[in-house]
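Colleague:
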Amino acid sequence: MGALQKTIWKLWYPFVTRRLQGEDVLFLNYAFETDPPLGIPLSAADEPNRTCIQLYHHVASQAEWRGKQVLEVSCGHGGGASYLARTFGPARYTALDLNPAGIAFCNKRHQVAGLGFLQGDAENLPFTDAEYDLVMNVEASHCYPDFARFLDEVARVLRPGGYFLYADFRFHHDIAKWEAQLAACPLKLVKSEVIDQAVLRGMELNSARYLALLNKTLPRPLRGIGREFAGLEGSLVHRALLNGGMSYRSYCFLKE
């Protein structure tokens with residue numbers, strides 16, 4: 149199933165990138181909003197993507213970034229990488245994704261000092277041991293056929309004293325395995341948080357905008373799949389978060 153799963157995602161994400169050409173879609177993750185609203189200051193250019201940016205901000209703010217060497221694994225369309233590189237002050241930010249069409253989009257769209265994009269595999273990171281102070285991974289690991297191998301790769305490329313900043317979800321039947329794999333990884337857990345309600349608020353705030361985008365860019369037979377992928381109100385993911393069939397969590401791990 150692992151190889152098939154990887155093949156499906158390798159086909160789906162380039163397809164999505166091609167369908168969204170011309171729409172300037174910078175984020176492929178769900179969203180995050182607190183109650184009361186988080187209210188981080190954003191530029192006018194960033195404001196339309198506030199809820200997606202806030203998910204990145206929530207995860208990233210668990211560690212100090214200034215002057216650090218940072219790797220983001222599975223950067224999507226690069227909106228989070230651009231925001232963090234501009235806002236959190238890393239010395240260098242490398243953003244990697246398996247989707248070559250997405251990387252081509254990122255290299256064209258995001259011109260930020262110290263930020264670079266490259267194509268690569270999360271389970272076989274093309275970096276030397278102990279190269280990074282921080283590794284960032286947002287809402288991508290549920291697509292990886294071998295999550296434990298990814299965790300080993302994160303630990304390998306992190307320097308001692310470095311942090312792995314992570315957020316993702318699992319459906320109820322996969323949570324025990326997920327928790328066991330995280331517990332077995334060669335990193336120390338510093339903090340974890342269930343963020344279901346904040347993600348739900350973000351989804352609901354984005355639903356109308358995403359529905360209009362899907363109806364504009366996808367052929368009718370694929371719109372149902374698109375609604376699930378985008379996490380619109382009433383989608384499987386949205387309903388699962390509402391009824392406890394899924395859990396969305398954020399984590400901070402330390403390499404001792």
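Residue numbering for the sequence shown follows the numbering used here, beginning at 149 and increasing consecutively. Even for Gly, the Cβ is constructed at its ideal location relative to N, Cα and C.
(1) Contact defined as beta carbons within less than 8 angstroms: I believe Y204 pairs with L232. What is the distance between those atoms, to the nearest angstrom?
(2) Are D344 and Y396 closer than 8 angstroms when you measure CB to CB?
(3) Would the region 281 to 300 count as touching the region 215 to 223 if we require 3 or more Cβ pairs under 8 angstroms?
(4) What are the partner residues of L402, as DSSP defines its beta bridges?
(5) The alpha helix (DSSP H) that contains F354, what's its start and end?
(6) If you follow the alpha helix (DSSP H) that N177 is part of, which residue opens it and which one closes it?
(7) Need the endpoints of the alpha helix (DSSP H) that G228 sits in, please.
(8) Does DSSP put Q217 in a helix, in a strand, or in coil?
(9) Determine which residues share a DSSP beta bridge with M265 and list them.
(10) Given this structure, state the Cα-to-Cα distance separating W157 from V164, to the nearest angstrom.
(11) Taking 8 angstroms as the threshold (C-beta atoms), are R240 and G226 in contact?
(12) Which value, in whole angstroms, describes the spacing of the CA atoms of L273 and R198?
(13) Tell me the rounded alpha-carbon separation between C200 and L174.
(14) Give me whichever residues DSSP pairs with E489 in a beta bridge.
Modeller: Inspection of the coordinates gives the following:
(1) The pair is a contact, with the Cβ atoms about 6 angstroms apart (cut-off 8 angstroms).
(2) The beta carbons of D344 and Y396 sit closer together than 8 angstroms.
(3) Output reads yes: the region 215 to 223 touches the region 281 to 300.
(4) Y311, K336.
(5) Correcting the residue identity first, residue 354 is Asn in this sequence and not Phe. From DSSP, the alpha helix (DSSP H) with N354 extends over 344 to 365.
(6) No alpha helix (DSSP H) holds N177; DSSP gives it neither H nor E.
(7) It spans 227 to 235 - the alpha helix (DSSP H) in which G228 sits, taken as one unbroken run.
(8) DSSP, read as helix, strand or coil, puts Q217 in strand.
(9) With the sequence shown as reference, residue 265 is identified as Phe, and Met is not the correct amino acid for it. Here F265 is bridged, per DSSP, to A243.
(10) Answer to the nearest angstrom: the Cα atoms are 10 angstroms apart.
(11) Contact flag unset, no.
(12) Distance between the alpha carbons of L273 and R198: 30 angstroms.
(13) Distance between the alpha carbons of C200 and L174 is about 9 angstroms.
(14) This structure cannot settle anything about residue 489, because the visible part of the chain is limited to 149 through 404.
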